[in-house]
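Novice:
Here it is as C-alpha cells:
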C-alpha cells in the first residue's frame, strides 16, 4: 500500500498548523511546522515515485528526487532555507541566550509558510492530486 497521499495530507495539516501558530504569535513553532510541511510533502512525492526517503533535510530530499520530478536549481536554493528551521526553532542551546521562541518574528514565520506552501503545491502538482 502506497501512503503517498497520506503524507501529502499530513503536509497540508502541518502547513495549517504553521499558519495557526503564526496567527497566535508562536513564530518559532510556525517556522518548525512549515519545515515539517515541506518535509512531509517531499516524502509523499518520493513515495509516489516508488522511493522511500529518510531524513529531514529539505535540500537533500529535493536532491534525491528522480530527475523527471526534480525542480530546478533556483527552486531548490530558494526553499532550502527551510533547513535552517529544523533544530534552532526548538532548542535554546541553538542560540547564545534565551529560549528558541524569542529568536523568531512574524516575518520569519510568514516567509517559512510561503516557502513550505510552494513545496507542498509543487509536490501535489506532480501527480499526487486526485
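In our numbering, the protein residues as written are 1 to 130. Glycine is no exception: its CB is placed at the ideal position from the N, C-alpha and C atoms. These figures come from a predicted structure and were not determined experimentally.
Considering only their Cβ atoms, is the gap separating residue 128 from residue 5 smaller than 8 Å?
Specialist: Yes, the Cβ-Cβ distance between residue 5 and residue 128 is below 8 Å.
Novice: Could you tell me whether the Cβ atoms of residue 113 and residue 38 are closer together than 8 Å?
Specialist: No. Outside cutoff.
Novice: Exposed or buried, which one is residue 107 when buried takes at least 16 other CB atoms within 10 Å?
Specialist: Residue 107 comes out exposed.
Novice: Secondary structure at residue 17, three-state DSSP: helix, strand or coil?
Specialist: In this structure, residue 17 counts as helix in the three-state DSSP scheme.
Novice: Exposed or buried, what is residue 50 when buried is set at 16 or more other beta-carbons lying within 10 Å of its beta-carbon?
Specialist: It is exposed - the Cβ of residue 50 has fewer than 16 other Cβ atoms within 10 Å.
Novice: Using 10 angstroms around the beta-carbon of residue 24, count the other beta-carbons present and answer buried if the total reaches 16, otherwise exposed.
Specialist: Residue 24 comes out exposed.
Novice: What does a CB cutoff of less than 7 Å around residue 68 pick up in its chain, not counting 5 residues either side in sequence?
Specialist: Taken in chain order, the list of residues that qualify is empty.
Novice: What three-state label does DSSP hand residue 88 in the structure shown?
Specialist: Three-state result, residue 88: coil.
Novice: Which value, in whole angstroms, describes the spacing of the CA atoms of residue 148 and residue 28?
Specialist: It is not possible to answer for residue 148, since the shown part of the chain is limited to 1 through 130.
Novice: From which residue to which residue does the alpha helix (DSSP H) around residue 117 run?
Specialist: Taken as a continuous stretch (DSSP letters only), the alpha helix (DSSP H) holding residue 117 covers 106-123.
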